[in-house]
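Note that the sequence shown covers residues 976 to 1244 in this note's numbering. We treat Cβ as the ideally placed atom computed from N, Cα and C, and that holds for glycine. See structure below.
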Amino acid sequence: MSVVMKKNFWNEKHTAVITGASAGIGAEFARQLFEAGHRVILCGRDENALRALSDELCGAPYIIADLSRVSGCRALFEKACEYVPDIFINNAGFGIFDKFSESSLEREIELINTDVRAVHILFKLFLGYFEKNGSGYILNTASIAGFMPGPMMSGYYASKAYVIRQTQAVWAECLLSRSPVRVSVLCPGPVQTGFNERAGITGTIKGITAKECVSYTLEKMKSFSPVIIPSVTAKAVVVGSKLTPALLAALACYVVQKTKKRIGSEKQA
Ligand SMILES: NC(=O)c1ccc[n+]([C@@H]2O[C@H](COP(=O)([O-])OP(=O)(O)OC[C@H]3O[C@@H](n4cnc5c(N)ncnc54)[C@H](OP(=O)(O)O)[C@@H]3O)[C@@H](O)[C@H]2O)c1
């Protein structure tokens, strides 16, 4: 590939496909990209939520797909390409809060399939498509969780480490092969969404709003920042994790996780 990324990419209007757009961070990406004049294609499983957001965004198209299935990923990609997108926000994901020896294997496989396999498949398919079309931007959503071991959420933290490392590697491939595509990874700390409820926990740090997370991220995307960490506290945690031996970080994380409560239980986790 001998074409470089267009410098004026952000001066143009684009078509953005957003997974996890039925809620939280993904829905906020849809709102802010739409407000900035871009066309948005909403993806998720919750049809009512997608329809409501579509109504709010002047009938934005939506695609229903279960990304825990390979067939769902392929179907989403095929339908999304009908809109000739040039931005892909690879954002859908969820967490599981439980001790590894006691958690549901079935649910963990669903997490791996959604947070790792689907992110990988869609990253690859959209990268190939954008390179062929001569332009594009991909943002993968990871988390600061990906910088450290995470007792009580071991699969989730490990899944986000995969997303960070793969995005960084592909970022270098794109840059040095003069690809017309840029990739970034978003690594938020806690954000106020339905994420914790879905993971079955309460008593967590409040975090920034989805609006703050997304407006910061979109600004950083304009300068093609490879790793985007949208808050001072989150940045401090990442720096701390780099300075702390992994096993010590795991012990410290375990202590913090034990202060959280499972939803429906008065006991600490
Ligand atoms: N909130 C935080 O504190 C935080 C911090 C760091 C990173 N993150 C990451 O940010 C991303 C978005 O999370 P959020 O905070 O916005 O959580 P959220 O409000 O629970 O939204 C999660 C989104 O993922 C979609 N999703 C989950 N499983 C799916 C599946 N099998 N197929 C298709 N879509 C699926 C959901 O769609 P449906 O409901 O329609 O299925 C929903 O739109 C996730 O990758 C998460 O790991 C969140």
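In this structure E1003 is buried. Its beta-carbon is surrounded by 16 or more other beta-carbon atoms within 10 angstroms. About 12 Å separates the Cβ atoms of L1028 and I1038, ruling out a contact at the 8 Å cut-off. The DSSP-derived three-state label of R1153 is coil.
Residues S1134, Y1137 of the same chain have their beta carbon placed closer than 7 Å to that of V1091, with the five preceding and five following residues left out of the count. Between I1064 and T994 a beta carbon distance of about 7 Å is seen, short of the 8 Å cut, so the two are scored as contacting. A straight-line Cα-Cα distance of about 29 Å links S997 and P1124. For V1166, the shortest C-beta to heavy atom distance toward ligand 1 is below 7 Å. With distances taken between CA atoms, Q1007 lies nearest to C1188 out of K1217, S1200, C1188, G1121. Secondary structure of T1142 (DSSP, three-state): helix. Here S1159 is bridged, per DSSP, to L1114. Counting C-beta pairs with one atom in each stretch, the region 1200-1210 and the region 1179-1188 have three or more that are closer than 8 Å, which means they touch. Three or more beta-carbon pairs separated by less than 8 Å link the region 1192-1203 to the region 1159-1174, which places the two stretches in contact. For I1238, no alpha helix (DSSP H) encloses it, and the DSSP letter there is neither H nor E. Taken atom to atom, the span from the alpha-carbon of D1061 to that of K1099 is near 14 Å. Of the residues assessed, V1045 falls on the exposed side of the cut-off, its CB having fewer than 16 other CB atoms within 10 angstroms. Around the beta carbon of L1114, 16 or more other beta carbons sit within 10 angstroms, so the residue counts as buried. Per the coordinates, the alpha-carbon of P1220 lies some 13 Å from the alpha-carbon of V1212. The shortest CA-to-CA distance from S1129 to any of G1178, S1078, E1172, G1047 is the one to S1078.
With respect to the 8 Å criterion, S1216 and S1159 are not classified as neighbours on the basis of their beta carbons. Residue G1169 holds the alpha-carbon nearest to the alpha-carbon of A1024 among L1097, V1230, G1169, L1102. Under the 10 Å beta carbon count, A1117 is surrounded by 16 or more other beta carbons and is classified as buried. A1055 sits away from T1089, with the two beta carbons spaced by 8 Å or more. For I1039, the uninterrupted beta strand (DSSP E) run begins and ends at 1037-1039, by DSSP. One thing to note: Y1131 has its Cβ within 8 Å of the Cβ of L1086. By the Cβ neighbour-count rule, N1171 is buried, with 16 or more other Cβ atoms within 10 Å of its own.
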